[in-house]
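A quick write-up on the structure given underneath.
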Amino acid sequence: MKICLLLPSFLPALGGLEKAADTLASLLHAWGHEPVILTQSLRKTDKTVTRPYQIRAYARPRSATWWPGTLMTALKQERFDLIWAFQAYSQGYAAVRVGRQRNIPVVISSRGGDISDRSRYLARWLPRRRIQWALRQAQAVTVLNRHLEKRVSDLTGGTQQARLIFNGISLPTERPAHAPAPASVAQLNGKPFMLTMTRLHRFKGIDLIIEAIRQAREKGIDTPRLVIAGTGSQEEALRQQAAESGQKDTYFFVGDMSGPDKAWLLTHCLFLAQPSREGEGMPNSVLEAMSYGKPILGTSAPGIQEIVQDGVNGILAPPDDPRLLAQALKKILAANLTKMGQKAEAFARDNSWEICAQQYVALFEEILQSRNGH
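Everything in the sequence shown is counted per the numbering used here, starting at 1 for the first residue and increasing by one.
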């Protein structure tokens with residue numbers, strides 16, 4: 001199959017969408033298919049990446065108004081067996097327009113932000129209508145969690161039933177159990193710590209875990225240090241909150257981590273905290289931590305509650321409630337973290353990227369066979 005993966009962005013950007021597309025395209029290529037990444041052109045400061053599959057770029061439109069037309073022009077330059085759009089808008093809308101003109105089936109994969117409650121597109125009349133039309137007309141729509149499954153049904157008046165395909169998990173090939181700590185957290189060598197590893201935006205809820213730690217310590221609970229790995233719009237406010245808590249030495253802001261440093265943090269942390277206020281597609285940081293055999297302290301927000309079983313491979317609290325999060329923190333600190341971690345790792349093994357990619361290939365083949373009358 002010659003498959004176009006139509007993306008809003010790609011490597012070297014390092015978001016969940018870009019990582020997922022790269023992994024899936026690599027597997028498709030290894031299995032004998034012909035994936036083609038179609039993404040917007042790089043900025044002058046971006047480094048180019050080399051992959052075994054083809055990467056094509058379309059020009060960056062001058063404004064959002066020109067997105068659909070730009071995408072449609074790019075899609076018409078090559079013939080594909082199937083177009084796989086990684087967002088409902090503008091990618092999904094443009095893909096369906098071209099697919100109908102050229103008789104090419106389209107699969108839209110929503111990763112959450114494009115159709116979630118916080119979507120800026122759904123708040124505007126024209127993009128909302130286009131999203132609804134594209135979701136209805138696509139040959140299939142896939143989502144990462146059951147909340148998004150319901151969103152697709154609601155947006156299409158029940159005419160499109162989305163397929164639930166979880167994100168895959170990359171299993172670590174090695175764990176630096178005896179390697180020294182990264183320089184930024186060298187003082188944590190041999191000491192217990194919790195880890196958050198996410199963008200520092202409000203909906204990620206890092207302020208909630210800082211407040212939960214403060215409340216827990218007020219009640220005499222001895223909580224470990226918290227390593228906050230990531231950057232984002234809330235970083236300054238979070239640093240100030242940590243300083244004002246009177247427990248500044250508890251928090252380590254280490255910025256974005258990758259490679260061996262990231263592996264060290266995942267290997268040595270007690271557990272990962274993911275206190276999201278709102279639903280997410282499926283947080284990559286949670287999946288990565290589980291692949292390292294780490295339990296999760298999370299909230300029952302969509303995208304987390306599908307993969308974290310309360311009391312089994314982690315502990316869940318209701319979203320946006322630091323008091324109940326403090327109670328959950330107390331509970332996970334008293335739990336058998338080794339046993340929970342084993343359950344988390346078992347979930348990771350059962351949801352590898354290979355299994356995820358096989359589900360997509362089966363869906364694509366089903367669509368193409370149906371169109372060919374088989």
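Even for Gly, the Cβ is constructed at its ideal location relative to N, Cα and C.
Residue nearest to residue i in terms of C-alpha spacing, selected from the options
{"i": "LEU38", "options": "ALA21, ASP22 and ALA57", "result": "ALA57"}
{"i": "ARG175", "options": "SER291, ARG130 and ARG239", "result": "SER291"}
{"i": "THR73", "options": "GLY99, ALA88 and THR48", "result": "GLY99"}
{"i": "ARG214", "options": "ARG79, ALA344, HIS29 and LEU325", "result": "LEU325"}
{"i": "GLU236", "options": "ARG202, SER258 and GLY220", "result": "ARG202"}
{"i": "GLY16", "options": "GLN327, ASP249, PHE86 and LYS294", "result": "PHE86"}
{"i": "LEU75", "options": "LEU195, GLY259 and LYS2", "result": "LYS2"}
{"i": "PRO302", "options": "PRO172, ASP310, ILE209 and LEU148", "result": "LEU148"}
{"i": "ASN189", "options": "THR23, ARG225, TYR121 and ASP22", "result": "ARG225"}
{"i": "ASP310", "options": "VAL361, ASN103 and ILE296", "result": "ILE296"}
{"i": "LEU27", "options": "ALA123, PHE166 and ARG51", "result": "ARG51"}
{"i": "SER170", "options": "ILE355, LEU71 and ILE367", "result": "ILE355"}
{"i": "ILE210", "options": "ALA186, SER233, THR250 and ALA229", "result": "THR250"}
{"i": "GLU366", "options": "ALA94, VAL106, LEU316 and PRO192", "result": "VAL106"}
{"i": "MET102", "options": "TYR89, LYS294, THR198 and PHE80", "result": "According to the sequence provided, residue 102 is Arg. The question's Met does not apply to it. For ARG102, the nearest C-alpha among the options comes from PHE80."}
{"i": "GLN305", "options": "GLU18, ARG277 and THR198", "result": "ARG277"}
{"i": "ALA13", "options": "GLU280, GLN359, SER258 and MET194", "result": "SER258"}
{"i": "VAL152", "options": "ARG199, TYR93 and ALA88", "result": "ALA88"}
{"i": "GLN54", "options": "ARG163, PRO68, ALA30 and ARG60", "result": "ALA30"}
{"i": "LEU333", "options": "LEU200, MET194 and ALA140", "result": "MET194"}
{"i": "ALA348", "options": "GLN358, ALA362, ILE307 and GLU218", "result": "ILE307"}
Collapsed DSSP secondary structure at residue i in the structure displayed
{"i": "THR338", "result": "helix"}
{"i": "ALA289", "result": "helix"}
{"i": "VAL98", "result": "helix"}
{"i": "ALA237", "result": "helix"}
{"i": "ALA348", "result": "helix"}
{"i": "TYR58", "result": "strand"}
{"i": "GLN359", "result": "helix"}
{"i": "ARG118", "result": "coil"}
{"i": "THR39", "result": "strand"}
{"i": "ILE221", "result": "coil"}
{"i": "ILE169", "result": "strand"}
{"i": "HIS268", "result": "helix"}
{"i": "ARG199", "result": "coil"}
{"i": "HIS29", "result": "helix"}
{"i": "LYS150", "result": "helix"}
{"i": "TYR53", "result": "coil"}
{"i": "GLY158", "result": "coil"}
{"i": "PRO395", "result": "The question about residue 395 has no answer here: the residues shown for the chain are numbered 1 through 374."}
{"i": "ALA134", "result": "helix"}
{"i": "ARG128", "result": "helix"}
{"i": "ARG175", "result": "coil"}
{"i": "ASP22", "result": "helix"}
Residue i, buried or exposed, once every other Cβ within 10 Å from all chains shown has been counted against 16
{"i": "LYS204", "result": "buried"}
{"i": "GLU129", "result": "The identity of residue 129 in the sequence shown is Arg, whereas the question assumes Glu. Result: exposed."}
{"i": "VAL254", "result": "buried"}
{"i": "TRP84", "result": "buried"}
{"i": "ASN336", "result": "exposed"}
{"i": "LEU82", "result": "buried"}
{"i": "GLU78", "result": "exposed"}
{"i": "TRP125", "result": "exposed"}
{"i": "TRP353", "result": "buried"}
{"i": "ASP22", "result": "buried"}
{"i": "PRO375", "result": "Absent from the structure is residue 375, since the part of the chain shown begins at 1 and ends at 374."}
{"i": "THR48", "result": "exposed"}
{"i": "SER119", "result": "buried"}
Identity of the residues DSSP links to residue i by a beta bridge
{"i": "GLU34", "result": "LYS2"}
{"i": "TYR251", "result": "LEU226"}
{"i": "LEU297", "result": "ALA273 and ILE315"}
{"i": "TRP84", "result": "LEU5 and VAL107"}
{"i": "MET194", "result": "LEU226"}
{"i": "VAL141", "result": "ILE108"}
{"i": "LEU164", "result": "VAL143"}
{"i": "ASP310", "result": "GLY314"}
Any C-beta of chain C under 7 Å from that of residue i
{"i": "ARG277", "result": "Absent from the structure is chain C; it holds one protein chain and no more."}
Touch test, the stretch 176–183 against the stretch 260–273, Cβ-Cβ under 8 Å, three pairs minimum: yes
Hey, is the stretch 268–281 in contact with the stretch 325–343, meaning 3+ C-beta pairs nearer than 8 Å? yes
Taking three-plus beta-carbon pairs below 8 Å as touching, is the stretch 151–158 in contact with the stretch 181–188? no
Flag this pair as touching only if the stretch 132–152 and the stretch 110–123 have three or more C-beta atom pairs under 8 Å; answer yes or no. yes
Does the structure place the stretch 344–351 close enough to the stretch 316–330 that three or more beta carbon pairs sit under 8 Å? no
Do the stretch 25–40 and the stretch 7–14 touch if we need at least three Cβ pairs shorter than 8 Å? yes
Is it true that the stretch 241–249 meets the stretch 103–112, where meeting means three or more beta-carbon pairs spaced less than 8 Å apart? no
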